[in-house]
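Worksheet: the structure to be examined is printed underneath.
In this note's numbering, the protein residues as written are 97 to 753.
This is the structure we're talking about:
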């Protein structure tokens, strides 16, 4: 039963039963491979450029997330692959009403802090550190590029708008008081209590405090020593929020933090590699063993380097290989040189448009690029581009479901994907784009922007040969519907793409990225990808007043058609925001019928606005050496969609040998 939606699902499972006889004795398979470099787990990741940050309150991307998940502890963690079951980590136990950890109306959650845990510098982890870390997370919730603090803050501050700062001025005593009253600590009992403004089911809060992005625990004393301490006044809070914006980060917290988890950073070569060693003060907790391995992660320059490291035995794990490498991996598997495990995710990937392209930043990429900043603010242009994408060729041949006889990914429409509460199947929605060049050309002609000469990049993360090929295919088709459209695929390092996601300064006219669940609820997806200020809408220029101003501009030019087009877009996007907030509130209150209605209406408006070209909902797969095993010999410990769904590892749950 899904505790959020109340729906019950039936599953069929299969078990393999081992049998034995006098002539065929049963034995667990064991690899005959020699285990190289015992004591070290070596990983080759096809992510040129590496992560954006190791600060748990700043980083909001999947490469840094992997490191953060291993070096920062949280109150609780997901129990293996489950998205609804948890085990205590820094918390001594999971709070319940029965043990007194949750009050009668689910507005107070008290966590007892486990004794005997220490930061990597030897400082004890206390309730004060947890309290301090959560307040820092809330203060960073409006950072740019987007930050994860909104996830917890939405449950702690009444009427909070996700992706905004809770303290809005130096004299904002209300914002200050709301933060200070939302979480308290008691050194005598070593407890931390979350005071929620409305009754909240455990699943909502637990998924938030289990996420190391935002809920990772920092050493308060060390933060103050390195200039990242908090001044606990309204003015101090307001000033501290500025540290959440790119260009104002505390670089020591960003790249060399004292850690609270099983691992610590031994060395980091920017953009190339990191060495993690066991935290000498971490002795393990039930379900989270003390690690014995050093972890070396290489963010290599291209997929071929990653594959060669793995196939030659230099790496134990390889991630991010394009689909064209799967036949090679299967050959390694057949010869006992690799193991391949496929599992589902709660992830989606897409091309998305920037409605307010920074001209100065665009020209730093290439002075020859030329496109009106507002080109993709036109909803008919976006719709035309969506209908000019060949989805079947993309999945079957470029991704390679048919070509390689492997289920890499599935199509989808709308960002509330299967596996989430309130999922709406495409059959119940209208406007899901399909490949239709004739219709795409008609839309461009109708848009008012047909025959405007444009030259722009379609940006893809370096190393992603699959979607670079897709961008090339798309660019050719776009030129067919309008010969004045000149689009060129461009590789940019992943971390650089993240750094470009700043409102008003984004040069990425069209780019390919995705969303991997922070937590397994619909609000995580609609808030981040549809809501004003969200992870994508903010840097992409989605703003009601921006569309209103475009409408006024065209009205002044006497262009009634475009004036009305942008006025309607402004109204529709405003309605979308209102519906999302209503849906989120209904879901939080447990009004599932009402929430379903609002989420469906919001999804329909968003599809008709064509914010995204829905590319794929991927399955993930582990490519590991046969001597690599999951914790307790269960690979499922590395297959949680909140973690493994990004091809990220919890290295304390990998066993080598």
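The beta-carbon is built from N, C-alpha and C at its ideal position, and this holds for glycine as well.
The Cβ atoms of residue 230 and residue 290 lie closer than 9 angstroms to each other. For residue 726, the enclosing beta strand (DSSP E) has its first and last residue at 724-726. Boundaries for residue 223: no beta strand (DSSP E) harbours it, while the alpha helix (DSSP H) harbouring it runs 223-235, taken from the DSSP string. Every beta strand (DSSP E) of 3 residues or more that sits fully in the stretch 266-333 is shown, in chain order, as 279-282 and 287-291. Beyond the five residues adjoining it in sequence on each side, residue 504 comes within less than 7 angstroms, by CB distance, of 419, 495, 496, 497, 714 and 715 in the same chain, given in chain order. If you ignore the 5 residues before and after residue 537, its C-beta comes within less than 6 angstroms of the C-beta of 577, all in its own chain and listed in chain order. Beta-carbon to beta-carbon, residue 375 and residue 642 are separated by about 47 angstroms, too far to satisfy the 8 angstroms threshold.
Bounds of the alpha helix (DSSP H) holding residue 162 are 158-167. Residue 627 places its beta carbon less than 9 angstroms from that of residue 633. Rounded to whole angstroms, residue 570 and residue 448 show a C-alpha spacing of 13 angstroms. Less than 9 angstroms divides the Cβ of residue 441 from the Cβ of residue 737.
Around residue 548, the same chain offers 468, 471 and 580 as residues with beta carbons nearer than 8 angstroms, after the five sequence neighbours per side are excluded. Across the set 688, 406 and 683, the C-alpha of 406 shows the shortest separation from the C-alpha of residue 139. For residue 718, the enclosing beta strand (DSSP E) has its first and last residue at 708-720. The Cβ atoms of residue 434 and residue 153 lie no closer than 9 angstroms to each other. The DSSP-derived three-state label of residue 537 is helix. No Cβ-Cβ contact shorter than 9 angstroms links residue 189 with residue 227. From the listed residues 208, 205 and 243, the smallest Cα separation to residue 594 is found for 243.
For residue 483, there is no enclosing beta strand (DSSP E); the residue is found in the alpha helix (DSSP H) stretching over 475-483. Residue 424 is not a Cβ neighbour of residue 437, given a cutoff of 9 angstroms. Remark: C-beta atoms of residue 416 and residue 702 do not approach each other more closely than 9 angstroms. A contact between stretches requires three or more CB pairs, one per stretch, nearer than 8 angstroms, and the stretch 721-739 fails this requirement with the stretch 652-661.
Judged by DSSP in its simplified three-state form, residue 395 adopts strand. A contact is defined here as three or more CB-CB pairs under 8 angstroms, and the stretch 203-219 meets this definition with respect to the stretch 353-360. Less than 9 angstroms separates the beta-carbon of residue 352 from that of residue 150. Shown here, residue 256 sits in coil according to DSSP, grouped into three states, outside any helix or strand. Taken in chain order, the complete alpha helix (DSSP H) segments of 4 or more residues contained in the stretch 607-633 are 618-625. Burial check for residue 501: the Cβ neighbour count within 10 Å stays below 16, so the residue is exposed. Closest in C-alpha terms to residue 346, from the list 360, 318 and 707, comes 318. For residue 414, the uninterrupted beta strand (DSSP E) run begins and ends at 413-415, by DSSP. Beta bridge pairing from DSSP links residue 372 with 361 and 391.
As computed with DSSP, residue 139 is found in a beta bridge with 393 and 413. By the Cβ test, the stretch 510-527 is in contact with the stretch 693-713, since at least three Cβ pairs between them sit closer than 8 angstroms. For residue 585, the beta-bridge partners assigned by DSSP are 554. By the neighbour-count criterion, in which a residue is buried when 16 or more other Cβ atoms sit within 10 angstroms of its Cβ, residue 307 is buried.
Taking 9 angstroms as the cut-off, the beta carbon of residue 587 is found closer than this to the beta carbon of residue 559.
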